[in-house]
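What follows is one structure encoded as structure tokens, with my remarks underneath.
Residue numbers (UniProt numbering): 1 to 129.
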């Protein structure tokens, strides 16, 4: 029974281990406090510098950002409409306009490639003799 009571009592860590833990915690906390203070100071300084510039150039920046936004939305919408159209054609089983011409051009390229391969093989045989 005495063994059970001993095992339930929390074990005390050595004093040197506690000192090392406390020193590490204080050092880490101090370092993080310094880094966060520097970050905050830099943010305040840059904001103080940038605010007048933003106010001066806002008549140019705001319309430019609106134009860029509209341009990007137009590109995204046109791409989305194109993908939607191709998807509808695929689902309904139709081929896009010009698909037959594209297939025909591909077959011509394959035929020319075979022809060039055969010529190369014939030239290789003649050069070997």
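All C-beta atoms, glycine included, are put in the ideal place defined by N, C-alpha and C.
> Helix, strand or coil: how does DSSP classify residue 15 here?
Replying inline: Helix, per DSSP.
> How about residue 107 and residue 96: are their beta carbons less than 7 Å apart?
Replying inline: No; because the gap between Cβ atoms is not below 7 Å, this pair is not in contact.
>> What does the alpha-carbon distance come out to for the pair residue 13 and residue 21?
In response: 11 Å
> Under the three-state reduction of DSSP, which class applies to residue 69: helix, strand or coil?
Replying inline: helix
>> DSSP three-state label for residue 94, please.
In response: Coil, per DSSP.
>> Less than 6 Å between C-beta atoms, sequence neighbours within five positions excluded: which residues of the same chain meet that for residue 64?
In response: none
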